[in-house]
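Below is one structure; the comments refer to it alone.
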Ligand SMILES: *Cc1c(COP(=O)(O)O)cnc(C)c1O
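Residue numbers (the numbering used here): 469 to 834.
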């Protein structure tokens, strides 16, 4: 049985679901993370539309809360943040560029630029449009995504220092990104980072900011914080550790996903409720049989995830059309958290918020 004849997918905003973003939960996470990571500074990483939370809304809220560093990933996000009124004393770091990127707009907007290769550095300088950009030299410490290899590192540092001497750039940062999957691998990576800093300093570099850790290592390892930690997941209240609740590590979930019951069927062997949010709106199909949703404060198992709806087994509990459903959120209404959804579907929680469709209206509340 299909409870909804023809799902509405052509409209730009889904009428079937609503996302609530709690700005007070976000600010509370930022306050807590800043307290824990001090005296290091906290960078709020806003890539992937702030993991589905809204890059402009989260970026401007972070700036208003006194955050001094934003991580944009791409220049489009960095420039959008400036256009939205994030002033230049708040540093915005970008580090992923398409081939042939022209940097003049970014440099004019005072965007800090991550640099992994001599070629990238030369591309930045030749298209900077006359001003000297602030650059952060990136070393690869094992993740092999980008960053200079240990072999290429001295060449990158020398080239950057030469260009700095000529007044073409300002070398302000040194950084790396680590897997944060095993303590031992992370320790090896951090040692490589410390070594790369020594090599660069012996060549004459002086860095204002050294940064290595993201959410997991930034919270766990004091010795990994250096001058700045870059956090995404923890800012949204999604723990980067398995099997802990946000509150156990001092965080509050920021995103709540709600919908309503649109159909009810009594199978004779239990009642099924239909909720019009399926994988087309980003609910993972792997959630079927695994996650539960809250209806009237009580959790019920999702048994099927279809393209446009979920089927929920409410057993002998009567439910009615129009009743509110909380898919995931803070837990305050009996629902599971994003982190629990992540554990149950063996994905990172932040993958779930990131994939929830942008067509679902985000409502920002205090
Ligand atoms: C995504 C990202 C982060 C933040 O990662 P979380 O685990 O979400 O905190 C930090 N640094 C870089 C370079 C990233 O790409």
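We put the CB at the ideal spot given by N, CA and C, even for glycine.
Less than 7 angstroms between the CB of residue i and some heavy atom of ligand 1, yes or no?
i	result
residue 700	yes
residue 509	no
residue 539	yes
residue 682	yes
residue 818	yes
residue 754	no
residue 677	no
residue 513	yes
residue 645	yes
residue 708	yes
May I ask which residues mark the beginning and end of the beta strand (DSSP E) holding residue i?
i	result
residue 835	Here the chain has residues from 469 to 834 only, and residue 835 is not among them.
residue 431	Given that the chain is displayed from residue 469 to residue 834, the structure contains no residue 431 and the question cannot be resolved.
residue 741	739-743
residue 608	Taken as a continuous stretch (DSSP letters only), residue 608 belongs to no beta strand (DSSP E), as it is neither H nor E.
residue 732	731-734
residue 581	579-583
residue 642	638-643
residue 698	696-699
residue 677	677-679
Could you tell me how far apart the beta carbons of residue i and residue j are, in whole angstroms, since I believe they sit closer than 8 angstroms?
i	j	result
residue 778	residue 751	7 angstroms
residue 785	residue 833	Actually they do not touch by this definition, with Cβ atoms about 29 angstroms apart.
residue 798	residue 720	6 angstroms
residue 523	residue 545	6 angstroms
residue 610	residue 656	7 angstroms
residue 626	residue 671	6 angstroms
residue 615	residue 584	5 angstroms
residue 520	residue 821	4 angstroms
residue 518	residue 526	4 angstroms
residue 541	residue 564	5 angstroms
Which residue comes first and which comes last in the alpha helix (DSSP H) that contains residue i?
i	result
residue 631	621-633
residue 818	817-823
residue 586	586-594
residue 687	683-688
residue 806	806-812
residue 453	This structure gives no information on residue 453, because the portion of the chain shown stretches from 469 to 834.
residue 575	572-576
Tell whether a beta-carbon distance below 8 angstroms holds between residue i and residue j.
i	j	result
residue 770	residue 724	no
residue 663	residue 687	no
residue 811	residue 710	yes
residue 493	residue 722	yes
residue 558	residue 603	no
residue 511	residue 539	yes
residue 643	residue 589	no
residue 745	residue 729	no
residue 829	residue 487	yes
residue 787	residue 756	no
residue 600	residue 635	yes
residue 782	residue 763	yes
residue 775	residue 747	yes
residue 597	residue 628	no
residue 692	residue 647	no
residue 605	residue 581	no
residue 547	residue 573	yes
residue 718	residue 767	no
residue 818	residue 705	no
residue 749	residue 824	yes
residue 499	residue 536	no
Query - Those runs of the beta strand (DSSP E) which lie wholly inside the stretch 481-563 and span at least 3 residues - result: 482-490, 509-513, 537-541, 559-562
Query - Secondary structure, alpha helix (DSSP H): runs of 4+ residues fully inside the stretch 754-791 - result: none
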